[in-house]
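Number of protein chains: 2
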Amino acid sequence: MASGSLWQPLRQSRVQLTNQLKQARNYSAPAQGSIPAAKKKYVPKSGTYPRGFKVSGINVGVKPGNTSKPDVAFVTSEQPCAAAAVFTKNKFQAAPVTFSRDLLRAKKNRGIQNVIVNSGCANAVTGKGGLEDAAKMAQEADKCVGNEGATIVMSTGVIGQRLPIDKITTNISNAHKALGSSHDHWLTCARAICTTDTFPKLISKTFSLPSSPSVEYRIAGMTKGAGMIHPNMATLLGIIATDAPISPDVLPSALKYAVDRSFNSITIDGDTSTNDTVALLANGAAGGQEISSTSSPDYEAFQTVLADFSAELAQLIVRDGEGATKFVTIRVVDSASEAAARKIASTIARSPLVKTALYGKDANWGRILCATGYSLISEPGEAINEVPEIVPEKTNVSFIPADGSTELKLLVNGEPEMVDEARAAEILEFEDLEILVRLGTGDKQATYWTCDYSHEYITINGDYRT
Amino acid sequence: MASGSLWQPLRQSRVQLTNQLKQARNYSAPAQGSIPAAKKKYVPKSGTYPRGFKVSGINVGVKPGNTSKPDVAFVTSEQPCAAAAVFTKNKFQAAPVTFSRDLLRAKKNRGIQNVIVNSGCANAVTGKGGLEDAAKMAQEADKCVGNEGATIVMSTGVIGQRLPIDKITTNISNAHKALGSSHDHWLTCARAICTTDTFPKLISKTFSLPSSPSVEYRIAGMTKGAGMIHPNMATLLGIIATDAPISPDVLPSALKYAVDRSFNSITIDGDTSTNDTVALLANGAAGGQEISSTSSPDYEAFQTVLADFSAELAQLIVRDGEGATKFVTIRVVDSASEAAARKIASTIARSPLVKTALYGKDANWGRILCATGYSLISEPGEAINEVPEIVPEKTNVSFIPADGSTELKLLVNGEPEMVDEARAAEILEFEDLEILVRLGTGDKQATYWTCDYSHEYITINGDYRT
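As you go down the protein sequences, you meet chains A and B in turn. For reference, each letter of the first sequence is one residue, going 0 to 465 in numbering that gives the first Met the number 0. For reference, each letter of the second sequence is one residue, going 0 to 465 in numbering that gives the first Met the number 0.
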């Protein structure tokens, strides 16, 4: 609570007025049946969920107008877990971020059993009172399992207003009663963490590890994405649970590796929110040999499984980007360094000029090249830096078609290609597209996923008050 | 030509096809009479121009469809000048950037007489041939004044295609014949550098210096802005001329100081182009004592004049931002460092969430706070950094109304204010707005100027091919 304790409590009168102002706008989790037709394929009809975990999603009415949709999610393990989390670096971090970070530090990533989440209110910029609210949520969940200091807390939604904390705390025991391990339980739980998402984001997988090839391990995860309708932020939450046995000592590094290659490799608009949190719980319920060293073959295998799983989960957020009409993979390969490849991929993915061109189905290699060219340069006012990772005459840019057909070369060794515009138009008709940048300066690479900027993005985020 | 010599010449077949493809789209300088009513106030009806400079703008038809609007600009001084320029840091720098940078280095910022500019084609990503074209433009202008190595070259427009170089070089003598020093000459010259600008951007001022208070010095400048319609880039060009006597040894540092606080403090969408160039020529024609030391009172006075002048010029680019409906000043004050203040201002100015909220006339302090909070954080994958410049409970955010009325406080010492929404709506009705962020961690500051993101921005840059 180091940074939180410095905050002054919110003056109640302000909160009340803010609440009054905000009540006019209600955004809630997508109801079943309201999922856009094009997105239904991303919602699973069944799943294989990790042993020993139970989950629920119930309605408590965090937003007064929400009387039916789930807005509190409870994830629990029958036995204490190793747990790790990656949090936003935003300096204005929300109360649940401060609370959960401090908890994991204090517990040394051990003895965690629950994740309790509310949607509809982010509990951000809420001062000392907000921290107390986060702690109350955790305490109620702790009581349900009879284990103190066992609960990670997450909140997502409107910022700058206090939680209706009594509504939440009095209902946590109901959320506990509603726990179950069926597919429907998992899907309802995934719906409960949504805000402006148009579909719940849930994935489950099975995997094995080299040391015990006969053991079937399971991993399941849910996430919610970039809903930023006023006055929300791009709050990203993720909860991943596995029944593999992983030591608390190595779990954080596995999660960090995975998040860097998944949740930290997507961008809708480059805004990093106050609440972003991805948590991983491992309860070991499937048995087998514990992974306790980062140099073991099991660790390496699990790291890859987790990174791939996380990438698939994170990609669902991009699929649901506000106003998005395209799902675009940016691959930067043959780079002198991975950091440079990441920064270039990120810069292309964030460039409004690239994103509007994609919306316009325009094979505008010049904008991709331009973004590449300024991605690693120093800040204004700073000296010019050399950027050895980019050599114009070694740079290649291609479109990789979503149907697996031959790539369309746009720039070859720094020279513009004769672009077959009819072919480009064909490729750009697909919802999916890969932009491949070959730097020719090394053997490192990075991948980002992004969407386009559409008129609808402006409409959604301009938030016309009608 | 160090980097240019590595480039391969373009294969002619490609260029021809590219040209054929591009000819369908013609963008040209704004004609008089076609300037939007709301922008007419930014176009001066008279001016006081520096002595010894002559300028012209003529039509050569860089784009085949352009048969009347000026597209070649010639700026010349009767006597050789001290000259300095600030160039794009983009790794894919255009041929005229390479040429002009090498020239100024070789000439040690001395003996420059001309700036020759074409619009309609950026001469970027054009390999060795492009560099030869830039050199040819310079040589023709050199011939006109009988002085070798005296010409800075700039190009702006479509990238990836070669200049119609014969059209340009055969007409440079005509541009020289058209030179003059009247207001109309300056305005025509300013029009000739435009691409998708909706109005020419020209300013002139007089000033004096402490050592010779009776001498009237003059400064004039023109710029062109962020026109990014496919396949153009956000090419920014600026040409500033003064009759003050300034040593070539101190001119570059004065220009760098000014550009950091003007052209490097504006953003339309954060894309840094391949061609950006701002050049300053000082011919000393007004007489007076030469400024030769950066520690002299004259230098300090000139530096301030130049920075203010450049800021005014740069702001015209933001006024003409694509689809812009708002002109927004972001001031970050009371910062522990100027670099941090600049980065925070820049991040707020670039945030799509802030820019769409401004378009929606939405007093969304949460998005401003969010952008502030992530502006100084480390890259994904890198360790968390401390960011001592931002302390949540010391942070204040206000709107400063354009009519000089009382500020509207949105966040006070990290706490949300009771926002008077009616008052906020009033303030957001003005075209102009200042967002003031007080960090409370020091006494440094920085200012950025930006515009909003509108539906029209998406329409313009999505470039629907109809």
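Cβ coordinates follow ideal geometry from the N, Cα and C atoms, glycine included. Remember, it's a predicted structure, so these values are computed and weren't measured experimentally.
I'd like the span of the beta strand (DSSP E) that includes B/Lys-204, first residue to last.
200 to 208
What does the Cβ neighbour count give for B/Asp-297, buried or exposed, with the cut at 16 atoms within 10 Å?
buried
Residue of B/Lys-38, B/Val-96, B/Gln-78 and B/Arg-100 minimising C-alpha distance to B/Gln-112:
B/Gln-78
Is there a C-beta anywhere in chain B that falls below 8 Å from the one on A/Ile-158?
yes
Using a Cβ-Cβ cut-off of 8 Å, state whether A/Val-332 counts as contacting chain B.
no
In this structure, does DSSP put A/Arg-341 in helix, strand or coil?
helix
Secondary structure at B/Ala-177, three-state DSSP: helix, strand or coil?
coil
Work out the CA separation of A/Ala-370 and A/Thr-346 for me, nearest whole Å.
6 Å
Segment limits, beta strand (DSSP E) that includes A/Thr-150:
150 to 157
Under the rule that 16 or more other beta-carbon atoms within 10 Å means buried, what is A/Gln-92, buried or exposed?
buried
Identify every residue that forms a DSSP beta bridge with A/Ser-397.
A/Lys-408 and A/Leu-435
Which of helix, strand or coil does DSSP assign to B/Ile-457?
helix
Contact under 8 Å by Cβ, B/Arg-217 with B/Thr-47
yes
Can you check which of these residues, A/Ile-115, A/Cys-120 and A/Gly-129, is closest to A/Ala-137 by C-alpha distance?
A/Ile-115
Burial state of A/Glu-381 (16 or more Cβ within 10 Å):
exposed
Cβ-based neighbour list, B/Arg-109, same chain, cut-off 6 Å, excluding 5 preceding and 5 following:
Pro-247
Buried or exposed (CB count within 10 angstroms, at least 16 for buried), A/Glu-321
buried
Is the beta carbon of B/Thr-222 less than 8 Å from the beta carbon of B/Leu-312?
yes
Coil, strand or helix - A/Gln-22 by DSSP:
Because the pLDDT at A/Gln-22 is just 29, under 50, the model does not fix this residue reliably, and the point stays unresolved.
When the Cα atoms are used, what is the spatial distance from A/Asp-451 to A/Gly-287?
44 Å
Can you tell me whether B/Gln-22 is buried or exposed, with buried defined as 16 or more other CB within 10 angstroms of its CB?
With a pLDDT of 29 at B/Gln-22, under the threshold of 50, the modelled position of this residue cannot be trusted; read the value that follows with caution. Label assigned to B/Gln-22: exposed.
Beta carbon proximity, A/Ser-292 to chain B, threshold 8 Å
no
Buried or exposed, going by whether 16 or more other CB atoms sit within 10 Å of the CB of A/Thr-465?
Confidence is the limiting factor: at A/Thr-465 the pLDDT is only 30, short of 50, which leaves the residue's position unreliable, though a coordinate-based value still follows. Burial call: exposed.
Bridge-paired residues (DSSP) for A/Thr-328
A/Glu-433 and A/Trp-448
Is the beta carbon of B/Phe-86 less than 8 Å from the beta carbon of B/Asp-275?
yes
I believe B/Ile-245 touches B/Glu-289 by the beta-carbon criterion, under 8 Å. Please report the beta-carbon distance rounded to the nearest angstrom.
7 Å
Examine the ligand SAM and report whether any of its heavy atoms sits within less than 7 Å of the Cβ of B/Lys-443.
Inclusion of the ligand SAM in the displayed structure is not the case, the ligand content being empty and no account of it being possible.
Is DSSP giving B/Ala-240 helix, strand or coil here?
strand
Where A/Arg-318 and A/Thr-446 are concerned, what is the direct C-alpha to C-alpha distance, given to the nearest angstrom?
16 Å
Min CB distance A/Ile-192 to chain B below 8 Å
no
Neighbouring residues, chain B, relative to A/Lys-342 (Cβ below 9 Å):
Glu-378
Just checking: is the beta-carbon of A/Ser-453 within a distance shorter than 8 Å of some beta-carbon in chain B?
yes
Helix, strand or coil, according to DSSP, for B/Ile-347 in the structure here?
helix
Distance between beta carbons of A/Asp-242 and A/Gly-283, contact taken as under 8 Å
7 Å
Against chain E, with Cβ distances strictly below 8 Å, would B/Gly-359 count as a contact?
The displayed structure is made up of protein chains A and B, and chain E is not among them.
Can you give me the Cβ contacts of A/Leu-352 inside the same chain, cut-off strictly under 6 Å, excluding the 5 residues immediately before and after it?
Arg-366
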